[in-house]
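Beneath this line is the structure, given in structure tokens, with notes to follow.
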Amino acid sequence: MKNTKRDETFLRETRHVIERHIELYPKCEPDDIVKLLYQSEFGCGHFVRSKEIAEEYLKREYEACMLTTKAAAAGEHPLTDETGGMFVRVHLEPLARYGIPFSRLAELFVRSSEVRTGSTDGMLKKLSLLKEICRQGKTPFDEETLSAFLKKYVAAGCPAIHHSETYRRLYHPAYRVICREFLPELIGGECAGSEPEIHI
Numbered sequence: 025m026k027n028t029k030r031d032e033t034f035l036r037e038t039r040h041v042i043e044r045h046i047e048l049y050p051k052c053e054p055d056d057i058v059k060l061l062y063q064s065e066f067g068c069g070h071f072v073r074s075k076e077i078a079e080e081y082l083k084r085e086y087e088a089c090m091l092t093t094k095a096a097a098a099g100e101h102p103l104t105d106e107t108g109g110m111f112v113r114v115h116l117e118p119l120a121r122y123g124i125p126f127s128r129l130a131e132l133f134v135r136s137s138e139v140r141t142g143s144t145d146g147m148l149k150k151l152s153l154l155k156e157i158c159r160q161g162k163t164p165f166d167e168e169t170l171s172a173f174l175k176k177y178v179a180a181g182c183p184a185i186h187h188s189e190t191y192r193r194l195y196h197p198a199y200r201v202i203c204r205e206f207l208p209e210l211i212g213g214e215c216a217g218s219e220p221e222i223h224i
């Protein structure tokens, strides 16, 4: 009975995350939803050796992000996007707006990269739910497109992947994945702006 309830909760939460992401990013492609599910299952997907290196890369990406006309618009992104599970995406664009130092996010990103969690079985369950949602006509892509993508993806061992070119062009993704439990540390301290907007 406990396992059944846990599975029901898992499916309900994952469905909510997928449908919410499609609502926020209606031109997303299979790559983008699968990347989201990978991050919900495994986190950032790679170990980060140094806070200093992480902070340097973060600053560079932030600067590149702010050079794009769309991303530079005030309020373009909320502070976070939900991935489900143990992790959240923290967007770089709002950091200065909320007075959050790069060093703080870099530290939490490094600590999050040390967390080892998730399983291929868990990932496959999420992909199965994505296929169900697609069959219901609730995705921007059709079943044939998703099926072809997932066939190659699963055959490759369900690896970490990049966003689609369409997603990058339209939404300018620039974020870091951190453990949800670190959010109070991220938004703690002095904030120059208003209360951070957190998407759940």
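Quick note: the sequence shown uses my numbering, first residue 25, plus one each step. Backbone N, C-alpha and C define an ideal beta-carbon position, used for all residues, glycine too. Owing to the predicted nature of the structure, the values given are computational and were not obtained by experimental measurement.
Would you be able to state if there are at least three C-beta pairs under 8 Å between the region 54–64 and the region 99–111? yes
Proximity of Pro164 and Glu53 at Cβ, strictly below 9 Å: yes
Starting from Phe133, trace the beta strand (DSSP E) both ways and give me its first and last residue. Not the beta strand (DSSP E): Phe133 falls in the alpha helix (DSSP H), residues Phe126 to Ser137.
Gly229, buried or exposed, once every other Cβ within 10 Å from all chains shown has been counted against 16: There is no way to answer for residue 229, as the model of the chain reaches only from 25 to 224.
Alpha carbon of Val114 to alpha carbon of Ser171, nearest angstrom: 30 Å
As a quick exercise: from Ser127, His70, Glu117 and His187, pick the residue whose alpha carbon is nearest that of Thr240. In this structure the chain extends from 25 to 224, so residue 240 is not present and cannot be described.
Beta-bridge pairing of Asp105 - partner residues as DSSP gives them: Arg113
Is it buried or exposed for His186, if we count other Cβ within 10 angstroms and need 16 for buried? exposed
What runs of the beta strand (DSSP E), each 3 residues or longer, lie entirely inside the region 152–224? 199–203
Would you identify the three-state DSSP class for Lys51, choosing helix, strand or coil? coil
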